[in-house]
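Protein chains in written order, with my numbering: chain B, 10 to 209; chain E, 10 to 209.
We put the beta carbon where it would ideally sit given N, CA and C, even for glycine.
Everything on this sheet refers to the single structure shown next.
Protein chains: 2
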Amino acid sequence: MKKELNEINILIDLLAKLPGLGPVSSRRVVLHLLKTGNRSRLNDIATAMIRASENVQTCVDCGNYCSAHKCSICLSPQRSSSEICIVQDVSDLWAVERAGAYQGRYHILGGVLSMLDHIGPDELRIPELLKRVRRDATQEVILALGATVDGQTTAHYIAEQLTGQNVRVTTLGQGVPMGGELEILDGGTITAAMRSRREY
Amino acid sequence: MKKELNEINILIDLLAKLPGLGPVSSRRVVLHLLKTGNRSRLNDIATAMIRASENVQTCVDCGNYCSAHKCSICLSPQRSSSEICIVQDVSDLWAVERAGAYQGRYHILGGVLSMLDHIGPDELRIPELLKRVRRDATQEVILALGATVDGQTTAHYIAEQLTGQNVRVTTLGQGVPMGGELEILDGGTITAAMRSRREY
Numbered sequence: 010m011k012k013e014l015n016e017i018n019i020l021i022d023l024l025a026k027l028p029g030l031g032p033v034s035s036r037r038v039v040l041h042l043l044k045t046g047n048r049s050r051l052n053d054i055a056t057a058m059i060r061a062s063e064n065v066q067t068c069v070d071c072g073n074y075c076s077a078h079k080c081s082i083c084l085s086p087q088r089s090s091s092e093i094c095i096v097q098d099v100s101d102l103w104a105v106e107r108a109g110a111y112q113g114r115y116h117i118l119g120g121v122l123s124m125l126d127h128i129g130p131d132e133l134r135i136p137e138l139l140k141r142v143r144r145d146a147t148q149e150v151i152l153a154l155g156a157t158v159d160g161q162t163t164a165h166y167i168a169e170q171l172t173g174q175n176v177r178v179t180t181l182g183q184g185v186p187m188g189g190e191l192e193i194l195d196g197g198t199i200t201a202a203m204r205s206r207r208e209y
Numbered sequence: 010m011k012k013e014l015n016e017i018n019i020l021i022d023l024l025a026k027l028p029g030l031g032p033v034s035s036r037r038v039v040l041h042l043l044k045t046g047n048r049s050r051l052n053d054i055a056t057a058m059i060r061a062s063e064n065v066q067t068c069v070d071c072g073n074y075c076s077a078h079k080c081s082i083c084l085s086p087q088r089s090s091s092e093i094c095i096v097q098d099v100s101d102l103w104a105v106e107r108a109g110a111y112q113g114r115y116h117i118l119g120g121v122l123s124m125l126d127h128i129g130p131d132e133l134r135i136p137e138l139l140k141r142v143r144r145d146a147t148q149e150v151i152l153a154l155g156a157t158v159d160g161q162t163t164a165h166y167i168a169e170q171l172t173g174q175n176v177r178v179t180t181l182g183q184g185v186p187m188g189g190e191l192e193i194l195d196g197g198t199i200t201a202a203m204r205s206r207r208e209y
């Protein structure tokens, strides 16, 4: 059976390696797509994948995905070029965009510094960031990196590189998340929230 | 941004409709595939999907997926043609095959009878089954359908259709699953296990 169903098994193995999927979910997805009524969707997805693979580029300035040389955020005259929000990945940029509270530009690092994974400043888009800050005379750099050890190490490294460059370096406020219950929050978050308490 | 990233959004929307995925997992998968190192995988998956869509057929006898007119199980001389195991979907056939405890053939219904979803015998491959049993003078039909109301209704319906046809109709044994703890088992299963108790 293995040999005969080669086409199915190749597809299952490929999908099983995607994040969040495994052999069981992958099997379920493939069987779903092979059902008589769903065959056209199999072709639709394949076409969409080829189109994305051919057309999606990386913005030369910020590293966002786009279909041209620069992304729409970097090209938009409505977006302030004096602020740059530093994020780890495109998914973080999307998250900030969904919140709709930021009108400046972005810079995507493509990861965070990590001793364990041998990721140094040159593996990330840090040199590009420093050049960009100098070129555009940026006024504020917002460090929107994860509150992990590697994220904070990266934030610290970038802040150090920017000292003496006449640019304000800020970081996201920390505290109790919206809808967050104190009961289930970790001590670090509560400590941060306590430190950044304000008048009611 | 929405307009510019059309290629990405189309792909995310398509994948978000797959079973077990939603908008969040779909976004994660697409961002993963768009990363520089993974672009080739995007093409590999697209190619595998097109190949599967073009080559995977349905066995005329049992309804299993195959790359020819009949599947390898129906063609194999090692598989007894006197026994037919009735399953709901191809995923169930795969589960029985993985167990390796069955050497007969299969018949895939493609669903179960359901009043709510307007699925009657003609929407399933029940007429084909009855023809096949007559044609091959099948000796045993094993009803390996789920222990749900619809599954058992379907099993009952098929058993009724086969009465008077000189074919033995059996169903899978019910009881405590391997590694199952009594504490977390439902009453129905314990009752079934009690009824089918045997000498130690």
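>> Pull the bridge partners of E:Val178 from the DSSP assignment, please.
In response: Stepping through the second sequence from its first residue, residue 178 of chain E is reached at position 169. Note: E:Val178 is bridge-paired with E:Val150 in the DSSP secondary-structure output.
> Under 9 Å between the Cβ atoms of E:Tyr111 and E:Cys94?
Replying inline: Locating residue 111 of chain E in the second sequence gives position 102, where the first residue counts as 1. Locating residue 94 of chain E in the second sequence gives position 85, where the first residue counts as 1. Their beta carbons are under 9 Å apart, which means E:Tyr111 touches E:Cys94 by this criterion.
> Taking buried to mean at least 16 other C-beta atoms within 10 Å of its own C-beta, is E:Leu122 buried or exposed?
Replying inline: Counting from one through the second sequence, the residue named residue 122 of chain E turns up at place 113. With 16 or more Cβ atoms within 10 Å of its Cβ, E:Leu122 is classed as buried.
> Pairing CB atoms from the region 66-82 of chain E with CB atoms from the region 132-141 of chain B, are three or more of them under 8 Å?
Replying inline: Because the criterion of three Cβ pairs below 8 Å is not met, the region 66-82 of chain E and the region 132-141 of chain B do not touch.
> If you draw a straight line from the C-alpha of B:Ser90 to the C-alpha of E:Leu14, how long is it?
Replying inline: Looking up residue 90 of chain B in the first sequence gives position 81. Looking up residue 14 of chain E in the second sequence gives position 5. Cα to Cα, B:Ser90 sits roughly 21 Å from E:Leu14.
> By Cβ distance, which residues of its chain are closer than 8 Å to B:Arg114, with the 5 residues on each side in sequence left out?
Replying inline: Position 105 of the first sequence, counting from 1, holds the residue named residue 114 of chain B. The beta carbon of B:Arg114 sits closer than 8 Å to those of Asp70, Cys71, Ile82, Cys83, Arg88, Ser89, Ser90, Glu92, Ile93, Cys94, all from its chain and outside the five residues before and after it, given in chain order.
> According to DSSP, which residues form a beta bridge with B:Cys68?
Replying inline: By 1-based counting over the first sequence, the position of residue 68 of chain B is 59. Partner(s): none; B:Cys68 has no beta bridge.
>> Can you check whether the C-beta of E:Arg134 is within less than 9 Å of a C-beta belonging to chain B?
In response: As a working mapping, residue 134 of chain E is identified with position 125 in the second sequence. So no, E:Arg134 is outside the interface.
>> To the nearest angstrom, how far is the alpha carbon of E:His165 from that of B:Pro32?
In response: Within the second sequence, residue 165 of chain E is the residue found at index 156, counting from 1. Within the first sequence, residue 32 of chain B is the residue found at index 23, counting from 1. Taking the straight line joining both Cα atoms gives about 33 Å.
>> Tell me the rounded alpha-carbon separation between E:Gly182 and E:Glu169.
In response: For this step, residue 182 of chain E is matched to residue 173 along the second sequence. For this step, residue 169 of chain E is matched to residue 160 along the second sequence. Going from the Cα of E:Gly182 to the Cα of E:Glu169 covers about 19 Å.
> In chain order, what residues of the same chain lie with their CB nearer than 6 Å to the CB of E:Ser76, ignoring the 5 residues before and after it?
Replying inline: Indexing the second sequence from 1 puts residue 76 of chain E at position 67. Excluding sequence neighbours, E:Ser76 sits near Asn64.
>> Across the region 197-206 of chain B and the region 30-47 of chain B, are there enough close Cβ pairs to call them in contact, namely three or more that are closer than 8 Å?
In response: Touching, no, given that fewer than three Cβ pairs across the two stretches are closer than 8 Å.
>> Below 9 Å on C-beta distance, what does B:Arg37 contact in chain E?
In response: Here the question's residue 37 of chain B lines up with position 28 in the first sequence. Simply Leu27, Pro28, Gly29, Ser100.
>> Out of E:Glu149, E:Ala108, E:Ile167, which one is the CA nearest neighbour of E:Glu137?
In response: Taking the first residue of the second sequence as position 1, residue 137 of chain E is located at position 128. Per the C-alpha coordinates, the member of E:Glu149, E:Ala108, E:Ile167 positioned closest to E:Glu137 is E:Ile167.
> What are the residues that DSSP puts in a beta bridge with E:Cys94?
Replying inline: What you label residue 94 of chain E is simply residue 85 of the second sequence in a count that begins at 1. For E:Cys94, which the question treats as bridged, DSSP gives the partners E:Tyr115, E:Ile151.
> How many whole angstroms separate the CB atoms of E:Leu51 and B:Ala146, which I take to be in contact at a CB cut-off of 8 Å?
Replying inline: The count along the second sequence starts at 1 and reaches residue 51 of chain E at position 42. The count along the first sequence starts at 1 and reaches residue 146 of chain B at position 137. That belief does not hold up - the Cβ atoms of E:Leu51 and B:Ala146 are roughly 38 Å apart, past 8 Å.
> How is B:Ser85 classed by DSSP in three states: helix, strand or coil?
Replying inline: Residue numbering aside, residue 85 of chain B sits at position 76 when the first sequence is read from its first letter. Coil at B:Ser85, not helix or strand.
> Where does E:Thr163 land, buried or exposed, given buried means 16+ other C-beta within 10 angstroms?
Replying inline: By 1-based counting over the second sequence, the position of residue 163 of chain E is 154. E:Thr163 comes out buried.
> Relative to the C-alpha of E:Arg143, which residue among E:His78, E:Val176, E:Ser205, E:Asp98 is closest?
Replying inline: Residue numbering aside, residue 143 of chain E sits at position 134 when the second sequence is read from its first letter. The residue from E:His78, E:Val176, E:Ser205, E:Asp98 with its alpha-carbon nearest to that of E:Arg143 is E:Val176.
> Among residues of its own chain, excluding the 5 on either side of E:Arg48, which ones have a beta-carbon nearer than 8 Å to its beta-carbon?
Replying inline: Along the second sequence, read from residue 1 onward, the residue named residue 48 of chain E stands at position 39. Counting only Cβ-Cβ distances below 8 Å, and skipping sequence neighbours, we find Leu42.
>> Which residues does DSSP list as the beta-bridge partners of B:Cys75?
In response: By one-based count along the first sequence, residue 75 of chain B stands at place 66. B:Cys75 pairs with B:Gln66.
> So E:Tyr74 packs on E:Val99, CB below 8 Å; how close in whole Å?
Replying inline: Along the second sequence, one-based indexing puts residue 74 of chain E at 65. Along the second sequence, one-based indexing puts residue 99 of chain E at 90. Rounded, the Cβ-Cβ distance is 6 Å, consistent with contact.
> Expressed to the nearest angstrom, what Euclidean distance is found between the alpha-carbon atoms of B:Val178 and B:Gly46?
Replying inline: Position 169 of the first sequence, counted from the first residue, corresponds to residue 178 of chain B. Position 37 of the first sequence, counted from the first residue, corresponds to residue 46 of chain B. For B:Val178 and B:Gly46, the distance between alpha carbons rounds to 55 Å.
> In three-state terms, what does DSSP make of B:Ser100?
Replying inline: Translated into positions along the first sequence, residue 100 of chain B becomes position 91. B:Ser100: helix per DSSP, three-state reduction.
>> If I follow the unbroken alpha helix (DSSP H) through E:Tyr166, where does it start and stop?
In response: For the purposes of this step, residue 166 of chain E is identified with residue 157 of the second sequence, where counting begins at 1. 158-171 is the span of the alpha helix (DSSP H), which, as asked, contains E:Tyr166.
> What does B:Asp159 touch in chain E if you count any residue whose Cβ is under 7 Å from its own?
Replying inline: Indexing the first sequence from 1 puts residue 159 of chain B at position 150. Neighbours of B:Asp159 on chain E: none; closest Cβ ~18 Å, over 7 Å.
>> For B:Arg207, count the other beta carbons within 10 Å of its own beta carbon; 16 or more makes it buried, fewer makes it exposed. Which is it?
In response: The sequence position of residue 207 of chain B within the first sequence is 198, counting from 1. Its Cβ having fewer than 16 others within 10 Å, B:Arg207 is exposed.
> Name the DSSP bridge partner or partners of E:Ser123?
Replying inline: On the second sequence, position 114 is the one that residue 123 of chain E refers to. E:Ile128.
> Under 7 Å Cβ-Cβ, which residues of chain B neighbour E:Ser34?
Replying inline: To locate residue 34 of chain E, count along the second sequence from 1; it is residue 25. For E:Ser34, the residues of chain B that pass the 7 Å Cβ criterion are Gly29, in the order they occur in the chain.
>> Just verifying my parser: in three-state terms, what is the DSSP assignment at B:Pro28?
In response: Position 19 of the first sequence holds residue 28 of chain B. In this structure, B:Pro28 counts as coil in the three-state DSSP scheme.
> Based on Cα-Cα distance, which residue from B:Leu20, B:Ala108, B:Arg107, B:Gly120 lies nearest to B:Val96?
Replying inline: Residue numbering aside, residue 96 of chain B sits at position 87 when the first sequence is read from its first letter. Proximity to B:Val96 across B:Leu20, B:Ala108, B:Arg107, B:Gly120 peaks at B:Gly120, based on C-alpha coordinates.
>> So, at 6 Å on beta carbons, what are the nonlocal neighbours of E:Met10 in its own chain, with the 5 sequence-adjacent residues on each side left out?
In response: Position 1 of the second sequence holds residue 10 of chain E. Reliability fails at E:Met10, whose pLDDT of 46 lies under 50, so the model's placement of it is uncertain and no value is given.
> Rounded to the nearest angstrom, how far is the Cβ of B:Met58 from that of E:Ile54, given a contact under 8 Å?
Replying inline: By one-based count along the first sequence, residue 58 of chain B stands at place 49. By one-based count along the second sequence, residue 54 of chain E stands at place 45. B:Met58 to E:Ile54, Cβ: 6 Å. Contact.
>> On the DSSP letters alone, give me the boundaries of the alpha helix (DSSP H) that B:Ile135 sits inside.
In response: Position 126 of the first sequence, counted from the start, is the residue given in the question as residue 135 of chain B. For B:Ile135, the enclosing alpha helix (DSSP H) stretches over residues 135-145.
> In its own chain, which residues sit with a C-beta less than 7 Å from the C-beta of E:Lys12, not counting the 5 before and 5 after it?
Replying inline: Along the second sequence, one-based indexing puts residue 12 of chain E at 3. Residue confidence for E:Lys12 is low, a pLDDT of 48 falling below 50, so the modelled location carries little weight; the figure read from the coordinates is stated next. Within the same chain, E:Lys12 has no close Cβ partners at all.
> Taking B:Lys44 as the reference, which of E:Thr56, E:Lys44, E:Ser34, E:Pro28 has the closest Cα?
Replying inline: Locating residue 44 of chain B in the first sequence gives position 35, counting from the first residue. Nearest Cα to B:Lys44 within the set E:Thr56, E:Lys44, E:Ser34, E:Pro28: E:Pro28.
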